[in-house]
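Offset between the sequence shown (1-based) and our numbering: plus 538. These notes are about the structure you will find just below.
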Amino acid sequence: MEIVHLGFIASLLAGLATGAGALPMLLKKNFSDDTLDVLLGFVAGAMLFVDIDEMVPESHEKGFGRKATFGLIGGFALMMLLDSLFT
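Next up, the structure:
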């Protein structure tokens, strides 16, 4: 299987998982604030795990370590800035 096909399948599965995760939100519209906090924390933790455990080490192996590390730090800093501006 070519890398392009593998990437397409991985993207398709990620999209389906996103849709499956959105389904409870569409079916039940009045979640408590505590439930939303827990769900958002879980999703944020999952994304950070994927970044730190999968993407950054692979980038280091392929010679893009500085870019990957600074990209992760920059993205985190941008997230914190937007959080402080809009909450």
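Glycine is no exception: its CB is placed at the ideal position from the N, C-alpha and C atoms. Nothing here was measured: the structure is a model prediction, and the numbers come from that model.
DSSP three-state assignment for residue i, whether helix, strand or coil
i, result
"G583", "helix"
"T601", "Reading off the sequence shown, one finds Gly at residue 601, where the question assumed Thr. Coil."
"F569", "coil"
"E540", "coil"
"T625", "coil"
Beta-carbon separation (whole angstroms), residue i vs residue j, contact threshold 8 angstroms
i, j, result
"A606", "V594", "5 angstroms"
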